[in-house]
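Everything below concerns the one structure shown next.
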Amino acid sequence: SIDNYYTVSHVVVHPNYTRISKADVDSKGNVKPIQTALDNDIALLYLTRPVTGVNVADLATKEDMISIEARLAADWNDNYDTNQRTENVQVYGWGTTTPMASEASPLLQTTQIGFLPIDKCYERLEIGNSYPGLINSRTNATKICTVPTFNRILEPSSSTQYGNSACKGDSGGPLLDIATGKQIGVVSGGPLVLPTCGSLTIPSFYTKVSNYYDWVQSYITADTPPNRYITEPNFIINAREEAGKECHDGIATNN
Numbered sequence: 006s007i008d009n010y011y012t013v014s015h016v017v018v019h020p021n022y023t024r025i026s027k028a029d030v031d032s033k034g035n036v037k038p039i040q041t042a043l044d045n046d047i048a049l050l051y052l053t054r055p056v057t058g059v060n061v062a063d064l065a066t067k068e069d070m071i072s073i074e075a076r077l078a079a080d081w082n083d084n085y086d087t088n089q090r091t092e093n094v095q096v097y098g099w100g101t102t103t104p105m106a107s108e109a110s111p112l113l114q115t116t117q118i119g120f121l122p123i124d125k126c127y128e129r130l131e132i133g134n135s136y137p138g139l140i141n142s143r144t145n146a147t148k149i150c151t152v153p154t155f156n157r158i159l160e161p162s163s164s165t166q167y168g169n170s171a172c173k174g175d176s177g178g179p180l181l182d183i184a185t186g187k188q189i190g191v192v193s194g195g196p197l198v199l200p201t202c203g204s205l206t207i208p209s210f211y212t213k214v215s216n217y218y219d220w221v222q223s224y225i226t227a228d229t230p231p232n233r234y235i236t237e238p239n240f241i242i243n244a245r246e247e248a249g250k251e252c253h254d255g256i257a258t259n260n
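Following this line, the structure appears as structure tokens:
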């Protein structure tokens, strides 16, 4: 039905969004991280008409997230020795339903998965790397991580296993805390390994909504949309300015 299609009028990308990780290496070979990949991975879409017929989840505030994260972390710690993973968060999306699938799902999919504390996520994603690529520290405040709660065989001829998780095409989808129903995350990325999603040991990661609550509110409480149809992140603005300077410097004065 055409009623299920919505037109986007404005896009606002977070100013500090980073697409790739960067680091500096000094003359002694010491590596100094500058930024991690997919940090501040959040954007807002303005629609030309209201969405109807759906229940809108509240965003978790920073205060909400303190108690939510403490409870979710306790679930992990309580079951750490048994390797049982509590289904305490829920992800939604129209992405692929298996790592080997090539087409997205035509229907909205959902699954209940397990919260992984950020210090454990850091260990699984970054230990052994020359510098952090995705999670900058054990106390990172911008991302949330999850792991599958059950496993399946990837292919009949393979011993590789995978589990339930966000997958290709789910980026931008919501992650909800099951107990409160509040949205705590936005699907951001996953491991660059096989399987490409649903790894039983390498977590998926999400943008932590509470860290951006005030930024979101500053736009949705404004009287009018932004002046520009697309509000670009700083790295694009800066690159364009640098390109402009180079072009200006290269203009011959006798032309």
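Letter by letter, the sequence shown follows residues 6 to 260 in the numbering used here. Glycine included, every Cβ here is placed at the ideal spot set by N, Cα and C.
Please report how far the alpha carbon of G195 lies from the alpha carbon of I7, in whole angstroms. Position 190 of the sequence shown, counted from the first residue, corresponds to residue 195. Position 2 of the sequence shown, counted from the first residue, corresponds to residue 7. Each residue's Cα considered, the two are about 33 Å apart.
Can you tell me whether G174 is helix, strand or coil according to DSSP? Position 169 of the sequence shown, counted from the first residue, corresponds to residue 174. G174 carries a coil assignment under DSSP once its states are collapsed to helix, strand and coil.
If you drop the 5 nearest sequence neighbours on each side, which residues of the same chain put their C-beta closer than 6 Å to that of L77? Indexing the sequence shown from 1 puts residue 77 at position 72. Spatial neighbours of L77 in its own chain (CB-CB distance under 6 Å, excluding positions within 5 residues in sequence) are listed in chain order as N93, F120.
Give a yes or no on whether the C-beta atoms belonging to T212 and I47 are separated by under 7 Å. Residue numbering aside, residue 212 sits at position 207 when the sequence shown is read from its first letter. Residue numbering aside, residue 47 sits at position 42 when the sequence shown is read from its first letter. In contact: T212 and I47 (Cβ atoms closer than 7 Å).
Shortest alpha-carbon distance to V59 belongs to which of I149, F240, N9, F155? On the sequence shown, position 54 is the one that residue 59 refers to. Minimum Cα distance to V59 is reached at N9.
Residue ranges of each beta strand (DSSP E) run of no fewer than 3 residues wholly in the stretch 15-73, ordered along the chain? Complete beta strand (DSSP E) runs here, min 3: 27-30, 36-40, 48-52.
Cα-Cα separation, N260 to K250: Counted from its first residue, the sequence shown places residue 260 at position 255. Counted from its first residue, the sequence shown places residue 250 at position 245. Annotation note: pLDDT 41 at N260 (below 50); position unreliable, coordinate value reported separately. Cα-Cα distance, rounded: 18 Å.
Between the C-alpha atoms of E131 and P208, what's the straight-line distance to the nearest angstrom? On the sequence shown, residue 131 is found 126 positions in, with the first residue counted as 1. On the sequence shown, residue 208 is found 203 positions in, with the first residue counted as 1. Computed Cα separation, rounded: 11 Å.
Would you call Q222 buried or exposed, if buried means 16 or more other Cβ atoms sit within 10 Å of its Cβ? In the sequence shown, the residue the question calls residue 222 occupies position 217. Flag for Q222 reads exposed.
Give, in chain order, every unbroken run of the beta strand (DSSP E) that is at least 3 residues long and sits entirely within the stretch 100-142. Qualifying beta strand (DSSP E) stretches, in chain order: 114-121.
Among the candidates K173, L52, P38, E247, whose CA atom is the shortest distance from the CA of P230? Counting from 1 along the sequence shown, the entry for residue 230 is found at position 225. Minimum Cα distance to P230 is reached at L52.
I'd like to know if the stretch 63-82 and the stretch 187-194 are in contact, where contact means that at least 3 CB-CB pairs between them fall below 8 Å. Touching, yes, given that three or more Cβ pairs across the two stretches are closer than 8 Å.
Can you tell me which of P55, T102, R54 puts its alpha carbon nearest to the alpha carbon of G174? Numbered from 1 along the sequence shown, position 169 holds the residue referred to as residue 174. Checked all of P55, T102, R54; the closest Cα to G174 is T102.
I256 - DSSP class collapsed to helix/strand/coil: Position 251 of the sequence shown, counting from 1, holds the residue named residue 256. Note that I256 scores 48 on pLDDT, short of 50, meaning its location in the model is unreliable; the coordinates nonetheless yield the value given after this. Here I256 sits in coil by DSSP.
Go through its chain and collect everything with a Cβ distance to S142's Cβ below 8 Å, but skip five positions before and after it. In the sequence shown, residue 142 corresponds to position 137, counting from 1. Within its own chain, the residues whose Cβ lies closer than 8 Å to the Cβ of S142, once the five positions on either side in sequence are excluded, are Y127, listed in chain order.
Enumerate in chain order the residues of its own chain whose CB-to-CB distance from G255 is below 8 Å, with the five nearest sequence positions on each side excluded. Residue numbering aside, residue 255 sits at position 250 when the sequence shown is read from its first letter. Unreliable placement is indicated for G255, whose pLDDT of 49 sits below 50; the coordinate value is still reported in the next sentence. Cβ neighbours of G255 beyond the five flanking positions: none.
Give the single residue among V56, E74, K33 whose Cα lies nearest to the Cα of T185. Position 180 of the sequence shown, counting from 1, holds the residue named residue 185. Comparing Cα positions, the closest option is E74.
Write down every uninterrupted run of the beta strand (DSSP E) in the stretch 175-222 whose length is 3 residues or greater and which is fully enclosed by it, in chain order. Here the runs fully enclosed are 179-182, 188-194, 209-213.
Give the single residue among L43, D29, A106 whose Cα lies nearest to the Cα of I140. Mapped onto the sequence shown, residue 140 falls at position 135. Of L43, D29, A106, the smallest CA-CA separation from I140 is found for L43.
Excluding the 5 residues preceding and the 5 following H19 in the sequence, name in chain order all residues of the same chain whose CB lies nearer than 6 Å to its CB. To locate residue 19, count along the sequence shown from 1; it is residue 14. Answer for H19: N45, I47, listed in chain order.
Specify the secondary structure class of Y224 as computed by DSSP and reduced to three states. Start at 1 with the first residue of the sequence shown, and residue 224 comes out as number 219. Reduced to three states, the DSSP call for Y224 is helix.
Can you tell me which of the three DSSP states R233 falls into? The residue labelled residue 233 in the question sits at position 228 within the sequence shown. Shown here, R233 sits in coil according to DSSP, grouped into three states, outside any helix or strand.
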